[in-house]
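Take any residue in the sequence shown, note its place counting from 1, add 6, and you have its number in the working numbering.
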Amino acid sequence: MTATRKLRILCLHGYRQNDVLFREKTGSLRKQFKKYADFEFVSAPLVPNVDSEDRGDVRGWWFSREDNQFSSRDVCSIATGFEQSFSNVLHSFGTRKSRQVITQDVVHFVRARDEKSRIDRFSSRS
């Protein structure tokens with residue numbers, strides 16, 4: 007019987023989290039799939055400008071504001087730190103094949119984002 011190759015699943019945490027916190031939050035899921043998949047957690051390279059409260063080692067993938075903050079509600083033309091984060095993910099995740107897949111997905115995302123931005127600008131003129 008030949009061994010089945012496990013899936014490699016890239017796990018990217020949310021804003022103001024890190025790889026350790028996300029790993030803890032996914033413990034039950036990882037346990038259920040440990041025979042089938044290896045979960046690889048990557049921490050974002052950017053440190054957001056956080057409030058005075060102590061939230062630990064929080065990270066962000068990019069910022070939608072010039073003051074190193076992010077809000078999903080922002081409609082903006084900046085994505086400060088996106089290239090650095092993308093490079094970090096590629097470096098951390100590994101093989102050439104997985105890099106190619108990730109790169110293609112991100113290219114499609116960026117194109118879709120740019121197209122949406124053009125549509126939004128056109129719609130606001132009407």
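Ideal Cβ positions, reconstructed from N, Cα and C, are used throughout, including at glycine. No experiment lies behind these values; they were computed from the predicted model shown.
Practice problem: Give me whichever residues DSSP pairs with ASP44 in a beta bridge. | Solution: Your numbering for residue 44 matches position 38 in the sequence shown. Per DSSP, ARG14.
Check your understanding: With which residues is GLN90 paired in a DSSP beta bridge?
Key -> On the sequence shown, residue 90 is found 84 positions in, with the first residue counted as 1. DSSP lists no partner for GLN90.
- Query: Can LYS12 and ASP44 be called in contact, C-beta distance under 8 Å?
  - Reply: For this step, residue 12 is matched to residue 6 along the sequence shown. For this step, residue 44 is matched to residue 38 along the sequence shown. Yes, these two residues count as a Cβ contact at 8 Å.
- Decide yes or no for the touch test of the region 76-85 against the region 36-51: beta carbon pairs closer than 8 Å, at least 3 of them. Because the criterion of three Cβ pairs below 8 Å is not met, the region 76-85 and the region 36-51 do not touch.
Q) With TRP68 and THR86 assumed to form a contact (beta carbons below 8 Å), what rounded beta-carbon distance in angstroms separates them? A) Taking the sequence shown and counting its residues from 1, the one referred to as residue 68 is at position 62. Taking the sequence shown and counting its residues from 1, the one referred to as residue 86 is at position 80. Indeed they touch by this definition, with Cβ atoms about 6 Å apart.
Next on the checklist: Just to confirm the assignment, what range does the alpha helix (DSSP H) spanning SER70 have?
Outcome noted: In the sequence shown, residue 70 corresponds to position 64, counting from 1. Here SER70 belongs to no alpha helix (DSSP H), and DSSP marks it neither H nor E.
### Query
How about ARG65 and VAL53: do their beta carbons lie closer than 8 Å?
Counted from its first residue, the sequence shown places residue 65 at position 59. Counted from its first residue, the sequence shown places residue 53 at position 47. Their beta carbons are under 8 Å apart, which means ARG65 touches VAL53 by this criterion.
How many whole angstroms separate the CB atoms of LEU16 and PHE92, which I take to be in contact at a CB cut-off of 8 Å? Along the sequence shown, read from residue 1 onward, the residue named residue 16 stands at position 10. Along the sequence shown, read from residue 1 onward, the residue named residue 92 stands at position 86. Taking C-beta atoms under 8 Å as the contact rule, LEU16 and PHE92 fail to qualify, at a distance of about 12 Å.
### Paired residues, beta bridge with ARG3 - DSSP
With the chain covering 7 to 132 only, the question about residue 3 has no answer from this structure.
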